[in-house]
Amino acid sequence: MQSFLHVNSRLQRGPISLALAALVLIVLGLVQSPLAHAWGNEGHTYVNRVAARKIPASMPLFLRQAVGELGYFGPEPDRWRSPSEFALKNAQEPDHFIDLERVAWLDPLPPGRYEFYRKLYEKRAATTDHPDDYLPERVGLQPYITMEVYGRLKAAFREYRQRQAAHQPTLAVQHAIVFYAGWLGHYVGDGSQPLHTTIHYNGWVGPNPNGYTTEHHIHWQFEGTYVAANVAEKDFAGLVKAPQHLDDPFAQYIAYLKQSNTLVEKVYALEKDGGFTGKGTPAAFEFTAHRLAAGSQMLLDLWYTAWLDSANAVPNEHSAPPPVSK
Ligand SMILES: [Zn+2]
Numbered sequence: 578m579q580s581f582l583h584v585n586s587r588l589q590r591g592p593i594s595l596a597l598a599a600l601v602l603i604v605l606g607l608v609q610s611p612l613a614h615a616w617g618n619e620g621h622t623y624v625n626r627v628a629a630r631k632i633p634a635s636m637p638l639f640l641r642q643a644v645g646e647l648g649y650f651g652p653e654p655d656r657w658r659s660p661s662e663f664a665l666k667n668a669q670e671p672d673h674f675i676d677l678e679r680v681a682w683l684d685p686l687p688p689g690r691y692e693f694y695r696k697l698y699e700k701r702a703a704t705t706d707h708p709d710d711y712l713p714e715r716v717g718l719q720p721y722i723t724m725e726v727y728g729r730l731k732a733a734f735r736e737y738r739q740r741q742a743a744h745q746p747t748l749a750v751q752h753a754i755v756f757y758a759g760w761l762g763h764y765v766g767d768g769s770q771p772l773h774t775t776i777h778y779n780g781w782v783g784p785n786p787n788g789y790t791t792e793h794h795i796h797w798q799f800e801g802t803y804v805a806a807n808v809a810e811k812d813f814a815g816l817v818k819a820p821q822h823l824d825d826p827f828a829q830y831i832a833y834l835k836q837s838n839t840l841v842e843k844v845y846a847l848e849k850d851g852g853f854t855g856k857g858t859p860a861a862f863e864f865t866a867h868r869l870a871a872g873s874q875m876l877l878d879l880w881y882t883a884w885l886d887s888a889n890a891v892p893n894e895h896s897a898p899p900p901v902s903k
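So the sequence shown is residues 578 to 903, counted in the working numbering.
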């Protein structure tokens, strides 16, 4: 992105340069846009739909019946990446990934995004070699947006319970719940794709003794082209089990991302063996099915946990100082 902006600013100097700049933008757009989709439209839709079909009978019926809507919202944040809505694109692109190698020194990760920002800026100030690598938007914010959307879902479930108990209409909050649950699925799905957790997100960087690809194609080849052509919902639905309550959703979600990160090299090894070329290999198929299933399972567990925990009494607001609002 840095070099892309640099090229753009250097070329804005006259009609021919402008035309050239436009061409560069179009070509870069074509090259970069597949990356923007993460698991592709198909993968994100499948992750959400498979989880939706496993919602237990103990959860609200309207949600269990919303398989189509939940599937539709799987790719929703990827619809927010068009240059025609620049502020939106700019603000939310770092939500889709986290380069865990860059935050290995920060364990555990703080639970709120602004404390995370502060730690990263402190690290950047103390770093002389490529300090901008620690900018929050370079490191990525994936677990923070995930927990923020999870929080919205839990709050909406709580509102639903309260309105039901008070015999008030619930249709509006039901719409909110379906949207938040589907939106959440996008980030959880991204987290199961190992290349969304790493500096090696699209081509191996640094020492490369095993000769993995350094070209910028592996990301979309795996999550987009290969999945769309070779994987269907039924191929991994059976791997997703009944949901379990997460006692510490943030810590368990981070553990899920770290587990995904341990599989980065596996993606490169499979690619090297032609696993994602054309029809690919049985090993690549097995691996991909398990990654998609891991995404659906974590999503289902988060939905279930948000539902159960929304019944808990909220901490007494009067015990804390009154919030200061601007
Ligand atoms: Zn994404």
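Idealized CB from N, CA, C, for every residue including glycine.
A quick note: this is a predicted structure, and the numbers were derived from the prediction, not measured.
**Prompt:** With distances taken from CA atoms, which of 889, 616, 703 and 773 is nearest residue 672?
**Reply:** Nearest C-alpha to residue 672: 773.
**Asked** Do the region 687-700 and the region 657-671 touch if we need at least three Cβ pairs shorter than 8 Å?
**Response** Segments in contact, no.
**Request:** Taking only the alpha-carbon atoms, compute the straight-line gap between residue 807 and residue 857 and give it to the nearest angstrom.
**Result:** Looking at the two C-alpha atoms, the distance is approximately 8 Å.
**Asked** Once you ignore the five residues that flank residue 816 on each side, which residues in its own chain have a CB closer than 7 Å to its CB?
**Response** Excluding positions up to five away in sequence, the list reads 866, 867 and 870.
**Message:** Spatial neighbours of residue 781 within its chain, please: C-beta separation below 8 Å, excluding the five flanking residues on both sides.
**Reply:** Around residue 781: 789, 790, 791 and 845.
**Prompt:** Less than 6 Å between the CB of residue 867 and some heavy atom of ligand 1, yes or no?
**Reply:** Because no heavy atom of ligand 1 lies under 6 Å away, the Cβ of residue 867 does not count as near it: no.
**Message:** Is any non-hydrogen atom of ligand 1 found closer than 6 Å to the C-beta of residue 676, if you look at the structure I gave you?
**Reply:** Answer for residue 676: no, Cβ out of range of ligand 1.
**Prompt:** Around the Cβ of residue 824, are there at least 16 other Cβ atoms within 10 angstroms (buried) or fewer (exposed)?
**Reply:** Burial is judged here by how many other beta carbons sit within 10 angstroms of a residue's own beta carbon; residue 824 has fewer than 16 and is exposed.
**Asked** In chain order, what residues of the same chain have a beta carbon less than 8 Å from the beta carbon of residue 702, not counting five sequence neighbours either side?
**Response** Counting only Cβ-Cβ distances below 8 Å, and skipping sequence neighbours, we find 708.
**Message:** On the DSSP bridge list, what partners appear for residue 780?
**Reply:** Looking at the DSSP assignment, residue 780 forms a beta bridge with 778.
**Item:** residue 631, buried or exposed, once every other Cβ within 10 Å from all chains shown has been counted against 16
**Value:** Residue 631 is buried by the Cβ-count criterion.
**Request:** For residue 627, I'd like the list of residues in its chain whose CB is within less than 8 Å of its CB, leaving aside the five on either flank, ordered along the chain.
**Result:** Excluding positions up to five away in sequence, the list reads 810, 813, 814, 817, 869, 870 and 873.
**Message:** Does residue 636 come out as helix, strand or coil in the three-state DSSP assignment?
**Reply:** Residue 636 sits in coil when the DSSP states are folded into three classes, being neither helix nor strand.
**Prompt:** For ligand 1, is there a heavy atom less than 6 Å away from the beta-carbon of residue 796?
**Reply:** Outside the cutoff, so no.
**contact_flag[the region 642-654, the region 830-842] where n(CB pairs < 8 Å) is 3 or more** = Not touching, per the Cβ criterion.
**Message:** Helix, strand or coil for residue 630? Go by DSSP, reduced to three states.
**Reply:** Residue state, collapsed to three classes: helix.
**Request:** For residue 682, name the three-state secondary structure that DSSP assigns.
**Result:** Three-state result, residue 682: coil.
**Length of the line joining the Cα atoms of residue 787 and residue 849** = If you draw a straight line from the Cα of residue 787 to the Cα of residue 849, it is about 10 Å long.
**Item:** Cut-off 6 Å between Cβ atoms - residues of its own chain near residue 793, not counting five sequence neighbours on either side
**Value:** The beta carbon of residue 793 sits closer than 6 Å to the beta carbons of 779 and 780 from its chain, once the five residues preceding and following it are set aside; these are given in chain order.
**Alpha-carbon to alpha-carbon, residue 757 and residue 729** = Going from the Cα of residue 729 to the Cα of residue 757 covers about 7 Å.
**Request:** Could you check which residue in 617, 839, 884 and 759 has the C-alpha nearest to that of residue 737?
**Result:** Looking only at 617, 839, 884 and 759, the smallest Cα-Cα distance to residue 737 is reached by 884.
**Asked** Does the beta carbon of residue 812 fall short of 6 Å from some heavy atom of ligand 3?
**Response** What this structure holds is ligand 1, not ligand 3.
**Message:** For residue 704, report the span of its alpha helix (DSSP H) as first-last.
**Reply:** Where residue 704 is concerned, there is no enclosing alpha helix (DSSP H), given that its DSSP letter is neither H nor E.
**Prompt:** Taking the runs of the alpha helix (DSSP H) that are 4 residues or longer, which of them lie wholly in the region 716-749?
**Reply:** Counting only runs of 4 or more, we get 719-742.
**Cβ neighbours of residue 796 in the same chain (closer than 7 Å, five flanking residues each side left out)** = In its chain, beyond the 5 residues on either side, 612, 772, 778 and 779 have a beta carbon closer than 7 Å to the beta carbon of residue 796.
**Item:** For residue 878 and residue 624, the rounded distance between their alpha carbons
**Value:** Each residue's alpha carbon lies about 13 Å from the other.
**Prompt:** From 805, 882, 855 and 887, pick the residue whose C-alpha is nearest to that of residue 619; which is it?
**Reply:** Looking at the Cα atoms, 805 is the closest of the given residues.
**Request:** Measure how close the beta-carbons of residue 678 and residue 775 come, nearest whole angstrom, since I'm counting them as under 8 Å.
**Result:** The beta carbons of residue 678 and residue 775 sit about 6 Å from each other, so the pair counts as a contact at 8 Å.
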